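Here our numbering is used: the sequence shown runs in plain steps of one and ends on residue 794.
Idealized CB from N, CA, C, for every residue including glycine.
Computed from a predicted model, the values in this text were never measured in an experiment.
Heads up: the structure comes next, in structure tokens.
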Amino acid sequence: MNTLGELMQEFGLTDEEISYALDKAKGIILGYAMEYRARKVLEDLSFTNIRSVDLPSHDIEAEKDGHKYFIEVKASKRPPTKEYSAYKIAMIARLDGTHLTLLMTPKPTIFLTEDVLSEPKRILLKFFRLLFWGDLSEVKTFLDDDRNRKVVANYGRVVSEYANKIPNDSLLQIVRSVL
């Protein structure tokens with residue numbers, strides 16, 4: 616590893632100091648290595664205009680067949696649905712394109728993010744998409760379903776934060792009625 620040798624020489628670091636730094640940074644190093652590998656996987660899948668973005672909602676943006684994709688790279692052994700918080704789901708709902716999850720272990724596999732979410736998180740994603748599109752009748756119909764209403768109410772804190780940014784008063788009143 617030439618980079619480590621350069622650091623050791625330039626800053627006079629010892630093997631022990633480098634070992635300590637590597638141990639502390641191994642998660643970060645793994646993340647960037649997997650992102651690099653993910654870019655290669657996407658190229659092999661004929662994605663174009665691949666670029667790293669390091670945003671809370673996704674790591675990579677790419678295009679395929681004229682469509683824009685937002686890709687979250689996951690190298691964790693945890694179930695992917697646990698990686699998506701309610702806040703992240705709200706951010707994903709605002710994206711203008713398709714959100715994908717690229718699981719890197721044990722072998723690279725790409726999924727539509729909605730397919731890896733638990734049912735309550737899928738409901739929340741659909742709710743936020745309807746909310747951000749500002750379709751009053753669709754939001755009303757969606758919330759008329761008791762199951763949907765309960766799920767949205769369970770995520771009340773996150774929904775409240777985003778509801779306060781809604782310029783449409785009628786839509787805001789419908790959302791507040793759930794909270």
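Quiz item: Residue range of the alpha helix (DSSP H) that THR728 falls in?
Solution: Mapped onto the sequence shown, residue 728 falls at position 113. First-last of the alpha helix (DSSP H) with THR728: 728 to 731.
Quiz item: If you drop the 5 nearest sequence neighbours on each side, which residues of the same chain put their C-beta closer than 6 Å to that of GLU678?
Solution: On the sequence shown, position 63 is the one that residue 678 refers to. Closer than 6 Å at the Cβ level, and outside the excluded window around GLU678, lie THR663, ASN664.
Exercise. Assign LYS697 to one of two classes, buried (16 or more other C-beta atoms within 10 Å of its C-beta) or exposed (fewer than that).
Key: For the purposes of this step, residue 697 is taken as the residue at position 82 of the sequence shown. The residue is exposed, with fewer than 16 neighbouring Cβ atoms inside 10 Å.
Quiz item: Can you pull the DSSP bridge partners for THR618?
Solution: Reading the sequence shown from its first residue, position 3 is the one you call residue 618. THR618 pairs with nothing; no bridge assigned.
Exercise. Starting from the Cα of TYR699, find the closest Cα among ARG737, ASP638, ASP659, ASN617 and give me that residue.
Key: Position 84 of the sequence shown, counting from 1, holds the residue named residue 699. Of ARG737, ASP638, ASP659, ASN617, the residue nearest in Cα terms is ARG737.
Quiz prompt | Straight-line Cα distance separating ARG709 from ILE633 | solution = Residue numbering aside, residue 633 sits at position 18 when the sequence shown is read from its first letter. Residue numbering aside, residue 709 sits at position 94 when the sequence shown is read from its first letter. Roughly 42 Å between the two C-alpha positions.
Self-check item: Closer than 8 Å to chain E by CB, THR696
Solution: Within the model displayed, chain E is absent; a lone protein chain is all it includes.
Quiz item: What does DSSP give as the partner residues of VAL687 in its beta bridges?
Solution: Position 72 of the sequence shown, counting from 1, holds the residue named residue 687. Before going on, a small fix: residue 687 reads as Glu here, not Val. Paired residues: THR716.
Quiz item: Grouping DSSP H, G and I as helix and E and B as strand, with all else coil, what is ILE781?
Solution: Indexing the sequence shown from 1 puts residue 781 at position 166. Coil.
Exercise. Put THR663 into one of helix, strand or coil per three-state DSSP.
Key: Here residue 663 corresponds to residue number 48 of the sequence shown, with the count starting at 1. Of the three classes helix, strand and coil, the one that applies to THR663 here is strand, per DSSP.
Exercise. Please classify LYS722: does DSSP put it in a helix, a strand, or coil?
Key: For the purposes of this step, residue 722 is identified with residue 107 of the sequence shown, where counting begins at 1. Coil.
Quiz item: TYR777 to ILE707, Cα distance in whole Å?
Solution: Against the sequence shown, residue 777 aligns to sequence position 162. Against the sequence shown, residue 707 aligns to sequence position 92. Distance between the alpha carbons of TYR777 and ILE707 is about 13 Å.
Exercise. Compute the beta-carbon to beta-carbon distance between LEU740 and LEU727, rounded to the nearest angstrom, for a pair I have assumed lies under 8 Å.
Key: Within the sequence shown, residue 740 is the residue found at index 125, counting from 1. Within the sequence shown, residue 727 is the residue found at index 112, counting from 1. Actually they are not in contact, since the Cβ atoms of LEU740 and LEU727 sit about 11 Å apart, beyond 8 Å.
Quiz item: If you run the structure through DSSP and keep just helix, strand and coil, what is LYS692?
Solution: Counting from one through the sequence shown, the residue named residue 692 turns up at place 77. Coil.
Self-check item: C-alpha distance - LYS755 paired with VAL766, whole-angstrom precision
Solution: One-based indexing of the sequence shown puts residue 755 at position 140. One-based indexing of the sequence shown puts residue 766 at position 151. Those two C-alpha atoms are separated by around 15 Å.
Quiz item: From ILE686 to PRO694, what does the alpha carbon distance come to, in whole angstroms?
Solution: Within the sequence shown, residue 686 is the residue found at index 71, counting from 1. Within the sequence shown, residue 694 is the residue found at index 79, counting from 1. Cα to Cα, ILE686 sits roughly 17 Å from PRO694.
Quiz prompt | Alpha-carbon spacing of MET719 relative to GLY681, whole angstroms | solution = Counted from its first residue, the sequence shown places residue 719 at position 104. Counted from its first residue, the sequence shown places residue 681 at position 66. Using only the alpha carbons, I get a separation of about 25 Å.
Quiz item: Going by the beta-carbon positions, is the gap between GLU764 and VAL793 smaller than 8 Å?
Solution: The residue given as residue 764 occupies position 149 in the sequence shown. The residue given as residue 793 occupies position 178 in the sequence shown. As written in the sequence, residue 764 is Arg, which differs from the Glu given in the question. Yes. Within cutoff.
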